[in-house]
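Accompanying notes for the structure given below.
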Amino acid sequence: MRNKFLDKKGKFVVGDPMTDEIWDSFLPKKFKLLSPYQWTPIPVIERTWKYLSNEQVKSVVDLGSGVGKFCIYLSLLSKSSFPILGLEDREDLVVISDSLKTKWGVKNINWEKTNFLNQFPFGHSHYYCFNPLYETMKGNHSIDISKGKSAKQFLNDLQTFKQNLILLKPKTKLITFHGFGGSYLPGFKTLLKEEIVGGEFRVWEKE
1 MRNKFLDKKG KFVVGDPMTD EIWDSFLPKK FKLLSPYQWT PIPVIERTWK
51 YLSNEQVKSV VDLGSGVGKF CIYLSLLSKS SFPILGLEDR EDLVVISDSL
101 KTKWGVKNIN WEKTNFLNQF PFGHSHYYCF NPLYETMKGN HSIDISKGKS
151 AKQFLNDLQT FKQNLILLKP KTKLITFHGF GGSYLPGFKT LLKEEIVGGE
201 FRVWEKE
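What follows is the structure, encoded as structure tokens:
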């Protein structure tokens, strides 16, 4: 799987135009087809950087980092000015992420193969997620069949996720695209809400 994208040559230069089509060209076909549903669109990552560029960022965590698209492109845009942590519980996606990181010479990113619901990474200044509970909500466009899909499982996961978020320190920011799985987040206020690429981009702050 590795060689399919590592054989491509050339380095991305900040300032060069980047599109989802260009990014997807480095992925194996299986994961390329999932791009519209599973991996954060380029305009959303660029909007995230526009927001973060005016913030004091100590570290960013991507909760459910997939193929590493959000983490890697954000690091390129920010010129690795802050550490980024990607959490993903599928081994094959971690391998792809690490290979793309090496290919583009990106620094200041670490990956952890873990389920963030069970091992939540407290202590960071900013968190990001692209509807991380999608895999238990729907059967369409799933990454694989490794996760159970039921209303009960979704509600249990959502409750666990909220309980973790409630424990974050005041002033911590949560950035979401297509939500976090729910519409109400106790203990948080909305700082920014807008539509991007057919989905809701939102910034929350722990009170």
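End of the sequence shown sits at 207 in full-length UniProt numbering; the numbers just go up one at a time, nothing left out.
All residues carry an ideal CB built from backbone N, CA and C; glycine is no exception.
Given the structure is predicted, the values throughout are model-derived calculations rather than measurements.
Quick check on DSSP: helix, strand or coil for residue i?
i    : result
Y184 : coil
W39  : coil
T114 : coil
E195 : strand
K189 : strand
V106 : coil
Looking at the unbroken beta strand (DSSP E) that takes in residue i, where does it start and where does it end?
i    : result
T176 : K173 to F177
L87  : I84 to E88
K206 : G199 to K206
Since residue i is in the alpha helix (DSSP H), which residue starts that stretch and which ends it?
i    : result
D98  : E91 to K103
L77  : K69 to S78
F161 : A151 to I166
Around the Cβ of residue i, are there at least 16 other Cβ atoms within 10 angstroms (buried) or fewer (exposed)?
i    : result
K50  : exposed
Y128 : buried
L74  : buried
S97  : buried
L52  : buried
Under 7 Å Cβ to Cβ from residue i, same chain only, skipping five residues before and after it: list those, please.
i    : result
K193 : E200 and R202
W39  : G66, V67 and K69
Within the same chain, show all residues whose beta-carbon is closer than 6 Å to that of residue i, passing over the 5 residues directly before and after it, in chain order.
i    : result
V94  : E88, W111 and K113
N164 : F120
Compare the Cα-Cα distances from residue i to each of the options and report the closest residue.
i   : options                   : result
F26 : L167, W104, K149 and T172 : W104
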